[in-house]
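Asker: If you scroll down you'll find the structure; I have some questions about it.
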Amino acid sequence: EADIYQTPRYLVIGTGKKITLECSQTMGHDKMYWYQQDPGMELHLIHYSYGVNSTEKGDLSSESTVSRIRTEHFPLTLESARPSHTSQYLCASTPWSGGKGAEAFFGQGTRLTVV
Amino acid sequence: AQSVTQPDIHITVSEGASLELRCNYSYGATPYLFWYVQSPGQGLQLLLKYFSGDTLVQGIKGFEAEFKRSQSSFNLRKPSVHWSDAAEYFCAVVLKGTDKLIFGTGTRLQVFP
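Each protein sequence line maps, in turn, to chains B and L.
Residue numbering for the first sequence follows my numbering, beginning at 1 and increasing consecutively.
Residue numbering for the second sequence follows my numbering, beginning at 116 and increasing consecutively.
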């Protein structure tokens, strides 16, 4: 069973508020990812990290930021939430594979609604 | 353009019928290939993966997938669908030398009794 956790599961917040979505994994995985999932299902990679102090932007531009101060923790922050940020956010992690591909483990997601 | 394509957005089958979900990729080199399933309100779970070797791979829950290099395809199959298989299915790739997991647009499967 995957040991990757996201909190909160659901969040309804007003426009302009600062929010942080939490993601933690206890598997010691080096790589972590944030995906944004549209209501129509498609997943877009918005951030990833190869390890502590490593963060990269993904394929979909996002106004969110991430940090990786500890291996197990990869929080995502929105400084000023807007209705356009309404979406589901999925966190994932993979062990080091040397570029050979590895199974990704996913959290259950945070469904964010900005009103 | 480089992409992962799932041509079928929505598929409906009767319980007990066979199933095939299509996935095509468009990359210069064959990537690592995956199928994930997402149940309502849940994260994604790996069904199966292909890295190399035997082109027919077996996964969990009775699923299998066949890699066809000539068609750049990695279609998912199940001989007899159960009502609990209703979910969203995602084909995904990892380009060799990278660790970025890139998803297709997904196929929503409905199962009728």
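Just so you know, even glycine gets a beta-carbon here, dropped at the ideal spot from N, CA and C.
Give the secondary structure of L/Trp198 by DSSP, where H, G and I count as helix, E and B as strand, and everything else as coil.
Answerer: Here residue 198 of chain L refers to the residue found at position 83 when the second sequence is read from its first residue. Three-state DSSP puts L/Trp198 in a helix.
Asker: Would a C-beta distance cut-off of 8 Å place L/Thr222 and L/Tyr204 closer than the cut-off?
Answerer: As a first step, residue 222 of chain L must be located in the second sequence, where it is residue number 107. As a first step, residue 204 of chain L must be located in the second sequence, where it is residue number 89. Their beta carbons are under 8 Å apart, which means L/Thr222 touches L/Tyr204 by this criterion.
Asker: Count the other CB atoms, across all protein chains shown, that sit within 10 Å of the CB of B/Ser49; report buried if there are 16 or more and exposed otherwise.
Answerer: For the purposes of this step, residue 49 of chain B is identified with residue 49 of the first sequence, where counting begins at 1. Looking at its Cβ environment, which holds 16 or more other Cβ atoms inside 10 Å, B/Ser49 is buried.
Asker: Let me know if L/Trp150 comes out buried or exposed under the rule of 16 or more other beta-carbons within 10 Å of its beta-carbon.
Answerer: For the purposes of this step, residue 150 of chain L is identified with residue 35 of the second sequence, where counting begins at 1. Buried.
Asker: Just to confirm my understanding: we take B/Arg82, look at its own chain, exclude 5 residues before and 5 after, and list those with CB closer than 7 Å. What are they?
Answerer: Position 82 of the first sequence, counting from 1, holds the residue named residue 82 of chain B. Only Thr15, Val114 meet the Cβ criterion.
Asker: For L/Asn139, which residues does DSSP report across the bridge?
Answerer: The sequence position of residue 139 of chain L within the second sequence is 24, counting from 1. Note: L/Asn139 sits in a beta bridge opposite L/Thr120, L/Ser188.
Asker: Could you confirm whether any beta carbon from chain B is found closer than 8 Å to the beta carbon of L/Ile126?
Answerer: Against the second sequence, residue 126 of chain L aligns to sequence position 11. False, the Cβ-Cβ gap to chain B never drops below 8 Å.
Asker: Tell me, which residues are paired with L/Phe232 by DSSP?
Answerer: In the structure as shown, chain L begins at 116 and stops at 228. Residue 232 of chain L is therefore absent and cannot be evaluated.
Asker: Mind checking which residues open and close the beta strand (DSSP E) that includes L/Lys112?
Answerer: Here chain L has residues from 116 to 228 only, and residue 112 of chain L is not among them.
Asker: So, for B/Ala104: in the same chain, excluding its five sequence neighbours on each side, which residues have a beta-carbon less than 8 Å away from its beta-carbon?
Answerer: On the first sequence, position 104 is the one that residue 104 of chain B refers to. Once the five neighbours on either side are set aside, the close Cβ partners of B/Ala104 are Tyr33, Ala92, Ser93, Thr94.
Asker: Go to L/Glu181, then tell me how far its beta strand (DSSP E) extends in each direction, as first and last residue.
Answerer: Against the second sequence, residue 181 of chain L aligns to sequence position 66. In the DSSP assignment, L/Glu181 falls within the beta strand (DSSP E) that extends over 179-183.
Asker: Count the other CB atoms, across all protein chains shown, that sit within 10 Å of the CB of B/Ser64; report buried if there are 16 or more and exposed otherwise.
Answerer: If you number the first sequence from 1, residue 64 of chain B lands on position 64. B/Ser64 comes out buried.
Asker: So, is the C-beta of B/Thr110 closer than 8 Å to a C-beta in chain L?
Answerer: For the purposes of this step, residue 110 of chain B is identified with residue 110 of the first sequence, where counting begins at 1. No, because no Cβ of chain L sits closer than 8 Å to the Cβ of B/Thr110.
Asker: At 7 Å on the CB atoms, spell out the chain L contacts of B/Gly101, in chain order.
Answerer: Here residue 101 of chain B refers to the residue found at position 101 when the first sequence is read from its first residue. Ordered by position in chain L, the residues that pass the 7 Å Cβ test against B/Gly101 are Tyr147, Phe166, Val209.
Asker: Taking the continuous beta strand (DSSP E) assigned at B/Arg111, which residues delimit it?
Answerer: By one-based count along the first sequence, residue 111 of chain B stands at place 111. For B/Arg111, the enclosing beta strand (DSSP E) has its first and last residue at 110-114.
Asker: How many Å lie between B/Glu55 and B/His29 at the Cα?
Answerer: For the purposes of this step, residue 55 of chain B is taken as the residue at position 55 of the first sequence. For the purposes of this step, residue 29 of chain B is taken as the residue at position 29 of the first sequence. Reading the sequence as shown, one finds Thr at residue 55 of chain B and not Glu. In a straight line, the C-alpha of B/Thr55 is about 15 Å away from that of B/His29.
Asker: May I ask you to list the residues that DSSP assigns as paired with B/Lys57?
Answerer: Here residue 57 of chain B refers to the residue found at position 57 of the first sequence. Paired residue(s): B/His47.
Asker: Return the residues of the region 59-93 of chain B that lie within a Cβ-Cβ distance of less than 9 Å from chain A, sorted by chain order.
Answerer: Of the protein chains in the structure, B and L, none is chain A.
Asker: Let me know the secondary structure DSSP gives B/His85 once reduced to three states.
Answerer: Within the first sequence, residue 85 of chain B is the residue found at index 85, counting from 1. Three-state DSSP puts B/His85 in a helix.
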